[in-house]
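Let me begin by presenting the structure, written as structure tokens, before commenting on it.
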Ligand code: URA
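In my numbering, the protein residues as written are 41 to 291.
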């Protein structure tokens, strides 16, 4: 990608973000250093480049915990991604959230409605339960990292389609490569199968773990949304989370 294309992609990402946060119109102000152009005419490189520092600043303020980390330019790519059809229906892509030095990473399935609106993973009902589970093992979002296998919301929260999982795969692979966690937890069947490469039931994955992804320990457990649907699974999930906490303390 040449400089101009890259700049325009970044600009488009930023405009989408503004739109998602309720801003309808962005006007270019030539006299202002952080001016952004959005008019029906070709965008000159120099003009876009003028806007880039402001765009990067806005990304840094959205992901302050990733400042200085390779996670930030990767988030920029994710926000601009058009590698599958989900880019048509999303409000915005949801790169992830958390501590760039976390040794524990949770991987979910895909953003839901609230995540698509806010641009942050696990902020809906399932996310609130995840926060409570974390608190019960004496951890918070600030201690861990939370990612999804798909970065964009599937319409009506349907299951991820195989081609979407393939298209999005490199993003999660690169995030895990950058983070180098000690433990990864797959939340639910899709994430657990993604991480282990094993096409078996979640029950079997739970029973036969911990597994391994690129030399990193992988635990498979219930998705918090499943725990909301079936409270009988809360007890076995609690056993999983206690084991995860024990291993976390050991590493
Ligand atoms: N469910 C997920 O798998 N991920 C989210 O970010 C929210 C709900």
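Built from N, CA and C at the ideal position, the CB exists for glycine as well.
In this structure, residue 114 sits away from residue 99, with a CB-CB distance that is not shorter than 8 angstroms.
Residue 211 is positioned such that its CB atom lies no closer than 8 angstroms to that of residue 186. When DSSP assignments are scanned along the segment 168-202, the uninterrupted stretches of beta strand (DSSP E) that are 3 or more residues long and fall wholly within it turn out to be 185-188.
In this structure residue 116 touches residue 53 by the C-beta definition: roughly 7 angstroms separates them, less than 8 angstroms.
Within the same chain, and ignoring the five residues on either side of residue 106 in sequence, the residues whose Cβ sits closer than 7 angstroms to its Cβ are 112, 115, 140. Here the segment 154-174 does not lie against the segment 250-262, with fewer than 3 beta-carbon pairs under 8 angstroms apart.
A check of alpha carbon separations from residue 267 across 216, 118, 199, 167 identifies 167 as the nearest.
As computed with DSSP, residue 260 is found in a beta bridge with 226. For residue 137, the three-state secondary structure derived from DSSP is strand. By a beta-carbon distance limit of 8 angstroms, residue 260 does not contact residue 275. Their separation comes to about 16 angstroms.
The segment 117-136 makes no contact with the segment 237-245; the number of CB pairs closer than 8 angstroms stays below 3.
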